[in-house]
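Q: Residue numbering for the sequence shown follows UniProt numbering, starting at 1 and increasing by one per position.
The C-beta atom is built at its ideal place from N, Cα and C for all residues, glycine as well.
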Amino acid sequence: MAEDKSKRGSTGLYAKEGQTNNGFVQNEDILETDLDPSSPAAGPQHNSVDILGSGEPDVKDVRPYAGMPKEVLFQFSGQARYRIPREVLFWLTVASVLVLIAATIAIIAISPKCLDWWQVGPMYQIYPRSFKDSNKDGNGDLKGIQDKLDYITTLNIKTVWITSFYKSSLKDFRHGVEDFREIDPLFGTMKDFENLVAAIHDKGLKLIIDFIPNHTSDKHAWFQWSRNRTGKYTDYYIWHDCNYENGITIPPNNWLSVYGNSSWHFDEVRKQCYFHQFTKEQPDLNFRNPDVQEEIKEIIQFWLSKGVDGFSFDALQFLLEAKHLRDEAQVNKTQIPDTVTHYSQLHHDFTITQVGMHDIIRSFRQTMNQYSREPGRYRFMGTEAHGESITKTMVYYGLPFIQEADFPFNNYLSKLDKPSGNSVFEVITSWMENMPEGKWPNWMTGGPDNVRLTSRLGEKYVNIMNMLVFTLPGTPITYYGEEIGMRNILTANLNETYDVDTLFSKSPMQWDNSSNAGFSEGSHTWLPTSSDYHTVNVDVSIRENFMLTPETGNEFLLLTTHTHLELSKTLTGVV
Ligand SMILES: [Ca+2]
Ligand SMILES: [Ca+2]
Numbered sequence: 001m002a003e004d005k006s007k008r009g010s011t012g013l014y015a016k017e018g019q020t021n022n023g024f025v026q027n028e029d030i031l032e033t034d035l036d037p038s039s040p041a042a043g044p045q046h047n048s049v050d051i052l053g054s055g056e057p058d059v060k061d062v063r064p065y066a067g068m069p070k071e072v073l074f075q076f077s078g079q080a081r082y083r084i085p086r087e088v089l090f091w092l093t094v095a096s097v098l099v100l101i102a103a104t105i106a107i108i109a110i111s112p113k114c115l116d117w118w119q120v121g122p123m124y125q126i127y128p129r130s131f132k133d134s135n136k137d138g139n140g141d142l143k144g145i146q147d148k149l150d151y152i153t154t155l156n157i158k159t160v161w162i163t164s165f166y167k168s169s170l171k172d173f174r175h176g177v178e179d180f181r182e183i184d185p186l187f188g189t190m191k192d193f194e195n196l197v198a199a200i201h202d203k204g205l206k207l208i209i210d211f212i213p214n215h216t217s218d219k220h221a222w223f224q225w226s227r228n229r230t231g232k233y234t235d236y237y238i239w240h241d242c243n244y245e246n247g248i249t250i251p252p253n254n255w256l257s258v259y260g261n262s263s264w265h266f267d268e269v270r271k272q273c274y275f276h277q278f279t280k281e282q283p284d285l286n287f288r289n290p291d292v293q294e295e296i297k298e299i300i301q302f303w304l305s306k307g308v309d310g311f312s313f314d315a316l317q318f319l320l321e322a323k324h325l326r327d328e329a330q331v332n333k334t335q336i337p338d339t340v341t342h343y344s345q346l347h348h349d350f351t352i353t354q355v356g357m358h359d360i361i362r363s364f365r366q367t368m369n370q371y372s373r374e375p376g377r378y379r380f381m382g383t384e385a386h387g388e389s390i391t392k393t394m395v396y397y398g399l400p401f402i403q404e405a406d407f408p409f410n411n412y413l414s415k416l417d418k419p420s421g422n423s424v425f426e427v428i429t430s431w432m433e434n435m436p437e438g439k440w441p442n443w444m445t446g447g448p449d450n451v452r453l454t455s456r457l458g459e460k461y462v463n464i465m466n467m468l469v470f471t472l473p474g475t476p477i478t479y480y481g482e483e484i485g486m487r488n489i490l491t492a493n494l495n496e497t498y499d500v501d502t503l504f505s506k507s508p509m510q511w512d513n514s515s516n517a518g519f520s521e522g523s524h525t526w527l528p529t530s531s532d533y534h535t536v537n538v539d540v541s542i543r544e545n546f547m548l549t550p551e552t553g554n555e556f557l558l559l560t561t562h563t564h565l566e567l568s569k570t571l572t573g574v575v
């Protein structure tokens, strides 16, 4: 007890210059040399402190306690037995934090990304004039598509892709656009479009639309202003001097249109030739003019503002042509130049995939990105560059640090005309091996310009091919009617002045075995319905419980969609 009291007296209270205090004394007389417990000189009294300020060292042990003056505490804190554990703990904490940060970064880096909406489910391409007629005029329309959204959801489709519906003279049914901001009256009104977008989104679906920026119709207001040299529109198209005598045009060079013959046409109003990659009713826009590029961006913004979830940009390889206008080389050098009229007879080194083209496409992407910032509102960009080599097609995926398309559409399977394992294998491996790392594949079974599956490969391969695209990694894309095995129609007897070669796979959707296959209640349809519609239609498929079972969901497609997702995860490391 006496020793305890003595200890309390030496540490709890002490006096300085005759005064007692509560210990909060600025004590300058601590014997620093006595504080080191490891000091041999300290011996058993190593914690002694002269706390009396008398010059007489107090040799009693002193231990740190709450309320001790900080100077005294500092003396203790410097002791190895306190300092070393403290430093060890400090560095352990720092190391733990660094390890945690590194682990977090590593987990984020190696974790598979979540799939976006354009990756998680199939796309369903609709040719709107042939899907469903809502007003008995024999032409499919936007309201018709809206009426059939339940069917589309039953198929477990996630994205509806509607091909061109812009105001058009319909020379080739989708390319001659007269106004990129108007719905062609054949398909309905802008209000119909807005209702369709809302209905699509209500059902949890997404909508992508076609856009072909390369050219307009010659009835477009821009062209009318351009041929009259009106203000900024003067250079909206590609004009060049040319000779025109007695109804014969001598073009500036030997360039050919995709449909054959010269790609230059003399305009009587402007007295110059304008360039057209396709028909003469489709003059090419001058994409070297910044005003034209700006117009196109504004059109993209217009439709994105309407709620469209993405675009399929078509015919992009034709955007730019060489400025020098040199002749393109003939495939057959010995052929007489005047007889070279077919597109395939020239090497198109100066009229497709010119330097700067991808820069323009990437600027489209940047415009779309402005609308992708809201969560869940990512805007999809697909590109169609049919006829390009696989290497050139892959460039549309962009570069490692420059974003371009989410994917170029892969129509190689929809051109396959031999149902052999080797040819299928070659098509698949060609895409997968050429695709840049980390990109997302896609597979199409058909399209408006392709021979239908049944007519191409035979009826028995339809379901196999449909299942194949669902089991491959990537986004499956199908074309209306392919899910029930519709076939090409014969269009030779059409009495209208259509390009019959473009119509064989665009016959009216076969819904049931009623008149006009349930496509239209009108007295006629714009194209004849396929003669097999009594046995090949959506109704039969549902009743046969093979393709469609509305009560239980579409077992076939649900199964394959599930398989598709699982395989996608496995093969691409994405979940
Ligand atoms: Ca109609
Ligand atoms: Ca062009």
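Just grab the DSSP bridge partners of P408 for me.
A: P408 pairs with T383.
Q: Just verifying my parser: in three-state terms, what is the DSSP assignment at Q330?
A: Note: Q330 maps to strand in three-state DSSP.
Q: Is the beta carbon of Q119 less than 9 Å from the beta carbon of W161?
A: Result no, Cβ atoms of Q119 and W161 do not sit closer than 9 Å.
Q: When burial is assigned at 16 or more other CB atoms within 10 Å of the CB, is H524 buried or exposed?
A: So H524 ends up on the exposed side.
Q: Confirm, please, whether the CB-CB distance from D501 to D539 is below 9 Å.
A: No, these two residues do not count as a Cβ contact at 9 Å.
Q: Between M123 and I208, is the Cβ-Cβ spacing less than 9 Å?
A: Cβ atoms of M123 and I208: closer than 9 Å.
Q: Are the stretch 385-398 and the stretch 350-369 in contact at 8 Å, needing three or more beta carbon pairs?
A: Contact holds: three or more Cβ-Cβ distances are below 8 Å.
Q: Give the secondary structure of L207 by DSSP, where H, G and I count as helix, E and B as strand, and everything else as coil.
A: It is a strand residue.
Q: Here's the rule I'm using: 16 or more other beta-carbon atoms within 10 Å means buried, otherwise exposed. How should P375 be labelled?
A: Exposed, since its Cβ has fewer than 16 Cβ neighbours within 10 Å.
Q: Is F180 helix, strand or coil by DSSP?
A: Three-state DSSP puts F180 in a strand.
Q: Ignore the nearest five residues each way along the sequence and tell me which others in G356's own chain have a CB closer than 7 Å to its CB.
A: L320.
Q: Under 6 Å from any heavy atom of ligand 1, by CB: list those residues in chain order, please.
A: This criterion selects D133, S134, N135, D137, N139, D141.
Q: Can you check DSSP and say which residues form a bridge with M123?
A: Beta-bridge pairing links M123 to T159, I477.
Q: Okay, do the stretch 304-320 and the stretch 379-386 touch, 3+ Cβ pairs below 8 Å being the bar?
A: Counting Cβ pairs under 8 Å, three or more are found: they touch.
Q: Within 10 angstroms of its Cβ, does Y480 collect 16 or more other Cβ (buried), or is it exposed?
A: Buried.
Q: Which residue from N139, Q79, P473, T341 puts its Cα closest to that of G260?
A: Out of N139, Q79, P473, T341, T341 has the C-alpha closest to the C-alpha of G260.
Q: Short of 8 Å in beta carbon distance, which residues of its chain neighbour L468, apart from the five on each side in sequence? Order them along the chain.
A: Result list for L468: L413, V424, W443, in chain order.
Q: Compare the Cα-Cα distances from V269 to each of M190, I200, V292, D218 and report the closest residue.
A: Of the candidates M190, I200, V292, D218, the one whose C-alpha sits nearest the C-alpha of V269 is D218.
Q: Exposed or buried, residue 576, counting other C-beta atoms within 10 Å across all chains shown (16 or more means buried)?
A: Within the shown structure, residues of the chain are numbered from 1 to 575, placing residue 576 beyond reach of any answer.
Q: Roughly how many angstroms lie between the CA atoms of P476 and N488, to the nearest whole one?
A: Going from the Cα of P476 to the Cα of N488 covers about 21 Å.
Q: Alpha carbon to alpha carbon, how far is V88 from N47? Give it in angstroms, no decimals.
A: Confidence at N47 is low in this model, with a pLDDT of 45, below 50, so its placement is unreliable and the value that follows should be read with caution. Taking the straight line joining both Cα atoms gives about 24 Å.
Q: Roughly how many whole angstroms lie between the Cα atoms of Q345 and P251?
A: Rounded to whole angstroms, Q345 to P251 spans 17 Å at the Cα level.
Q: Need the endpoints of the beta strand (DSSP E) that K323 sits in, please.
A: No beta strand (DSSP E) holds K323; DSSP gives it neither H nor E.
Q: At a cut-off of 8 Å, is Q277 close to ligand 2 when judged by its beta-carbon and the heavy atoms of the ligand?
A: Q277 Cβ: within cutoff of ligand 2.
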